[in-house]
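Asks: Respectively, the protein sequence lines represent chains A and B.
So for the first sequence, this note's numbering puts the first residue at 1; every next one is plus one.
So for the second sequence, this note's numbering puts the first residue at 293; every next one is plus one.
Starting off with a structure, shown below.
Number of protein chains: 2
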Amino acid sequence: MNVAFIGLGIMGRPMALNLHKAGHTVFVHGRRPESMAPLAQAGCTACASAAEAADQADVTFIMVSDTKDVEQVLFSEGGVAHGAKPGSVVVDMSTISPTATRRYAIDLQARGIDMLDAPVSGGDVGAINATLSIMVGGKPEVFERVKPLFEAMGKNIVLVGDNGAGQVAKACNQIVVAVTIEAVAEALTFARKNGVDAGKVRDALMGGFAGSRILEVHGKRMLDNNYQPGFKTKLHQKDMNIVMETAKELGLALPTAALVMQHMNALMGTGDAELDSAAVMKVVERISGVER
Amino acid sequence: MNVAFIGLGIMGRPMALNLHKAGHTVFVHGRRPESMAPLAQAGCTACASAAEAADQADVTFIMVSDTKDVEQVLFSEGGVAHGAKPGSVVVDMSTISPTATRRYAIDLQARGIDMLDAPVSGGDVGAINATLSIMVGGKPEVFERVKPLFEAMGKNIVLVGDNGAGQVAKACNQIVVAVTIEAVAEALTFARKNGVDAGKVRDALMGGFAGSRILEVHGKRMLDNNYQPGFKTKLHQKDMNIVMETAKELGLALPTAALVMQHMNALMGTGDAELDSAAVMKVVERISGVER
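What follows is the structure in structure tokens.
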């Protein structure tokens, strides 16, 4: 199939490469010309604009940073909407606002273009190994058309619902991960402040109802005081900002999610933006002056 | 071995019975005489006081409701401390204050009696099936002496540290469970308020970093709007109260644990004390007027 890939950062580059390896003809565009070089070398076609890439594709993928970036890639001069043909599909794999996503889907539909939102989890390792989890929103028949392409990039691929539902699922994922990190941070700090070996507490808790991937993976980072990412705080904060803006639009209170967002804000203020978001532990420790 | 068992409620009764079944001679005492009848029938010896039971035992188990109950069972007239022989062991399996536990251990030590704290998780089903998780605090050599008795009542038996460490681990367990319940409740409410199928979101999240026993078990209860316990809100609230009192003693802030404690307080005020603590979901829904 002819596909376009817009956004060639740490995630987009290996994803585009996996589509190429799966035998598809890949037209790429990145804001920085140098981002296209390794893909052109691998056999993809570098394009001067997103429109030019989309013009040649049956399916155009977008993988950029935030809502405003997707809006620009889609609708600015030289954007996807000005190149993509009626009957083609635009798949936004960025993590952005669900409400903005629904708006974009309507705008594209008016031009005869179908849209899927398909944010991912699994990080750069998942992107390289084609093991991303992909949460999809859009029409079932459009999902079925794009599914073989998703399978070249990911493993756990779920159609959650209509346009925006993929972004909603991703937002839910980020809420649960953020608040569970805080839960584990508070519990392990409680153990240490009581003079009890937090590692043994983690062991005792792993098998029971307190057990989770977060207790396992992020709990280990906390015990080791090693916040090598993983998933950077600045990115998790960006995602929680989407959650908070959407909750505000909806008139929905999310008390603990909002609280953990504040702890991520604090990390941004203490120069910890590049650390794994398990570093929320550092805020819990700092609040009460718990020493390492 | 000769053992005593004080406290024959929904947990204590099957636990005492499992010790009896394992071939030990069990002396029992319960506040309500009728609580002793089924155990006497099964072959245990009913005693008029905790002291009388403890007097005949190498190891005395206590399984009552709260800190003040343990204090009374131990030190009031007719209490365990007035019967237990020097060289014997007192094992408190109730969930109570870690700091009070350390104090009781010192008081008992002064009388030549060793103490273990050994709170459990797994509920009445775990008590009946002898599959409780047992988190133990105390001296390793005392733990080794009592271990075969623990093995008649539970499966995942961990010595976490010194006196009080078992209670600390149990408190950590209750923090993580409470806050993770809230995390899942907020995420699933976010999904529904966005018009997205919360069940599909749960499916999409199960395999990834948001995955946990709580998302699986308590998430299901939330989706079904069925809060049949499980573990009752009033008991989880009691345990969170221990957490909050201990945090206050230690000068430790636990922001999200404190917030979820408020949601449990709210459930107590709306007549939901007997529901599973996954009913924290109802508070999250009520706050923003989310209808079922």
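Where a beta carbon is used, it is the ideal one built from N, C-alpha and C, also for glycine.
No experiment lies behind these values; they were computed from the predicted model shown.
Spatial neighbours of B/Val381 within its chain, please: CB distance less than 8 Å, with the 5 preceding and 5 following residues excluded, ordered by chain position.
Replies: Walking along the second sequence from the start, residue 381 of chain B turns up at place 89. Counting only residues of its own chain and dropping the five nearest sequence neighbours on each side, B/Val381 has a CB closer than 8 Å to the CB of Asp350, Val351, Thr352, Ile405, Asp406, Met407, Leu408, Val434, Arg437 and Val438.
Asks: Less than 8 Å between C-beta atoms, sequence neighbours within five positions excluded: which residues of the same chain meet that for B/His528?
Replies: Position 236 of the second sequence, counted from the start, is the residue given in the question as residue 528 of chain B. Once the five neighbours on either side are set aside, the close Cβ partners of B/His528 are Gln466, Val469, Ala470, Met556 and Ser569.
Asks: Short check: CB of B/Thr359 to CB of B/Ile398, under 8 Å?
Replies: Here residue 359 of chain B corresponds to residue number 67 of the second sequence, with the count starting at 1. Here residue 398 of chain B corresponds to residue number 106 of the second sequence, with the count starting at 1. Result no, Cβ atoms of B/Thr359 and B/Ile398 do not sit closer than 8 Å.
Asks: Whole angstroms are fine: how far does the CA of A/Ile181 sit from the CA of A/His218?
Replies: Here residue 218 of chain A refers to the residue found at position 218 of the first sequence. Here residue 181 of chain A refers to the residue found at position 181 of the first sequence. Straight-line Cα distance between these residues: approximately 7 Å.
Asks: Using only alpha-carbon positions, find the residue among A/Lys170, A/Gly199, A/Ala183 and A/Ile128 that is nearest to B/Ala483.
Replies: The sequence position of residue 483 of chain B within the second sequence is 191, counting from 1. Restricting attention to A/Lys170, A/Gly199, A/Ala183 and A/Ile128, the CA atom closest to the CA of B/Ala483 is found in A/Lys170.
Asks: Can B/Pro390 and B/Gln459 be called in contact, C-beta distance under 8 Å?
Replies: Here residue 390 of chain B is taken as the residue at index 98 of the second sequence, counted from 1. Here residue 459 of chain B is taken as the residue at index 167 of the second sequence, counted from 1. Yes, the pair counts as a contact, with Cβ atoms nearer than the cut-off.
Asks: Name the DSSP beta bridge partners of B/Ser413, please?
Replies: Counted from its first residue, the second sequence places residue 413 of chain B at position 121. Per DSSP, the beta bridge partners of B/Ser413 are B/Ser425.
Asks: Would you mind working out which of B/Met445, B/Met355, B/Tyr519 and B/Val383 sits nearest B/Met573, comparing C-alpha positions?
Replies: Locating residue 573 of chain B in the second sequence gives position 281, where the first residue counts as 1. Comparing Cα-Cα distances from B/Met573 to each of B/Met445, B/Met355, B/Tyr519 and B/Val383, the minimum goes to B/Tyr519.
Asks: Enumerate, from N- to C-terminal direction, the unbroken beta strand (DSSP E) stretches of 3 or more residues contained entirely within the segment 385-409 of chain B.
Replies: Fully enclosed beta strand (DSSP E) runs of no fewer than 3 residues occupy 406-409 of the segment 385-409 of chain B, in order along the chain.
Asks: Taking the alpha helix (DSSP H) that B/Leu451 falls in, what are its first and last residues?
Replies: Taking the first residue of the second sequence as position 1, residue 451 of chain B is located at position 159. Note, B/Leu451: premise wrong, no alpha helix (DSSP H); beta strand (DSSP E) at Gly446 to Gly453.
Asks: Would you verify that the beta carbon of B/Val438 is, or is not, closer than 8 Å to some beta carbon of chain A?
Replies: As a position in the second sequence, residue 438 of chain B is number 146, starting the count at 1. So no, B/Val438 is outside the interface.
Asks: When Cβ atoms are compared, which residues of the segment 210-229 of chain A fall closer than 9 Å to chain B?
Replies: Ala210, Gly211, Ser212, Arg213, Ile214, Leu215, Val217 and His218
Asks: The beta strand (DSSP E) that contains B/Ile291, what's its start and end?
Replies: The structure shown does not extend to residue 291 of chain B, since chain B is modelled only from 293 to 584, so the question has no answer here.
Asks: What are the boundary residues of the beta strand (DSSP E) that B/Phe319 is part of?
Replies: On the second sequence, position 27 is the one that residue 319 of chain B refers to. Taken as a continuous stretch (DSSP letters only), the beta strand (DSSP E) holding B/Phe319 covers Thr317 to His321.
Asks: Would you mind stating whether B/Asp416 and B/Met303 have Cβ atoms separated by less than 8 Å?
Replies: Here the question's residue 416 of chain B lines up with position 124 in the second sequence. Here the question's residue 303 of chain B lines up with position 11 in the second sequence. In this structure, B/Met303 lies closer than 8 Å to B/Asp416 by Cβ.
Asks: Can you look up B/Asn486 in the DSSP assignment and give me helix, strand or coil?
Replies: Residue numbering aside, residue 486 of chain B sits at position 194 when the second sequence is read from its first letter. Reduced to three states, the DSSP call for B/Asn486 is coil.
Asks: Can you give me the C-alpha to C-alpha distance between A/Val70 and A/Ser35, rounded to a whole angstrom?
Replies: The sequence position of residue 70 of chain A within the first sequence is 70, counting from 1. The sequence position of residue 35 of chain A within the first sequence is 35, counting from 1. Computed Cα separation, rounded: 18 Å.
Asks: Classify A/Arg221 as buried or exposed, calling it buried when 16 or more other Cβ atoms lie within 10 Å of its own Cβ.
Replies: Locating residue 221 of chain A in the first sequence gives position 221, counting from the first residue. So A/Arg221 ends up on the buried side.
Asks: Quick check: is the beta carbon of A/Ser121 nearer than 8 Å to any beta carbon in chain B?
Replies: Position 121 of the first sequence, counted from the first residue, corresponds to residue 121 of chain A. When Cβ-Cβ separations below 8 Å define contact, A/Ser121 makes contact with chain B.
Asks: A/Phe190 touches chain B at which residues, Cβ-Cβ below 9 Å?
Replies: Here residue 190 of chain A is taken as the residue at index 190 of the first sequence, counted from 1. In chain order: Val460, Ala463, Cys464, Ile467, Val535, Thr538, Ala539, Leu542, Leu544, Leu546 and Ala549.
Asks: Using a C-beta to C-beta distance shorter than 9 Å, which residues of chain B count as neighbours of A/Asn265?
Replies: Counting from 1 along the first sequence, the entry for residue 265 of chain A is found at position 265. Under the 9 Å cutoff, chain B gives no residues; its nearest Cβ is about 13 Å from A/Asn265.
Asks: Could you spell out where the beta strand (DSSP E) holding A/Val3 opens and where it closes?
Replies: Mapped onto the first sequence, residue 3 of chain A falls at position 3. It spans Asn2 to Ile6 - the beta strand (DSSP E) in which A/Val3 sits, taken as one unbroken run.
Asks: Only counting runs of 3 or more residues, tell me where the beta strand (DSSP E) segments fall wholly within the segment 330-386 of chain B, in order along the chain.
Replies: 351-354 and 381-384
Asks: Could you say which of A/Val196, A/Gly164, A/Leu215 and A/Glu151 lies nearest to A/Ile242 if we only look at CA atoms?
Replies: By 1-based counting over the first sequence, the position of residue 242 of chain A is 242. With distances taken between Cα atoms, A/Ile242 lies closest to A/Gly164.
Asks: Give the DSSP-derived three-state secondary structure of B/Asp564 in the structure shown.
Replies: As a first step, residue 564 of chain B must be located in the second sequence, where it is residue number 272. In this structure, B/Asp564 counts as coil in the three-state DSSP scheme.
Asks: Just mark A/Glu186 as buried or exposed, buried being the case when its beta carbon has 16 or more other beta carbons within 10 Å.
Replies: The count along the first sequence starts at 1 and reaches residue 186 of chain A at position 186. Buried, by the Cβ-count rule.
Asks: Just verifying my parser: in three-state terms, what is the DSSP assignment at B/Gly580?
Replies: Taking the second sequence and counting its residues from 1, one reaches residue 580 of chain B at position 288. Checking the sequence shown, residue 580 of chain B turns out to be Ser, not Gly. In this structure, B/Ser580 counts as coil in the three-state DSSP scheme.
Asks: Among A/Leu250, A/Leu215 and A/Gln41, which one has its Cα closest to the Cα of B/Gly581?
Replies: Looking up residue 581 of chain B in the second sequence gives position 289. Checking every option, the nearest Cα to that of B/Gly581 belongs to A/Leu250.
Asks: Classify B/Met560 as buried or exposed, calling it buried when 16 or more other Cβ atoms lie within 10 Å of its own Cβ.
Replies: Translated into positions along the second sequence, residue 560 of chain B becomes position 268. Around the beta-carbon of B/Met560, fewer than 16 other beta-carbon atoms lie within 10 Å, marking it exposed.
Asks: Given A/Met206, which residues of its chain have a CB within under 8 Å of its CB, disregarding the five upstream and five downstream residues?
Replies: For the purposes of this step, residue 206 of chain A is taken as the residue at position 206 of the first sequence. Contacts found: Leu215 and Glu216.
Asks: Do A/Gly211 and B/Ser504 have their C-beta atoms closer together than 8 Å?
Replies: As a working mapping, residue 211 of chain A is identified with position 211 in the first sequence. As a working mapping, residue 504 of chain B is identified with position 212 in the second sequence. Taking 8 Å as the Cβ cut-off, A/Gly211 and B/Ser504 qualify as a contacting pair.
Asks: Show which residues of chain B have a CB atom less than 9 Å away from the CB atom of A/Gly138.
Replies: Residue numbering aside, residue 138 of chain A sits at position 138 when the first sequence is read from its first letter. Going along chain B, no residue has its Cβ under 9 Å from A/Gly138, so there is no contact; the nearest lies around 12 Å.
Asks: At the 8 Å Cβ level, is A/Glu71 part of the contact set with chain B, yes or no?
Replies: Sequence index remark: in the first sequence, residue 71 of chain A carries index 71 (1-based). Answer no: the Cβ-Cβ gap between A/Glu71 and chain B never drops below 8 Å.
Asks: Quick one: does B/Ser580 have its CB under 8 Å from some CB of chain A?
Replies: For the purposes of this step, residue 580 of chain B is taken as the residue at position 288 of the second sequence. Taking Cβ atoms only, chain A reaches closer than 8 Å to B/Ser580, which makes this a yes.
Asks: For B/Ala296 and B/Lys431, what's the separation of their Cα atoms in angstroms?
Replies: The residue given as residue 296 of chain B occupies position 4 in the second sequence. The residue given as residue 431 of chain B occupies position 139 in the second sequence. Just so you know, the alpha carbons of B/Ala296 and B/Lys431 end up roughly 20 Å apart.
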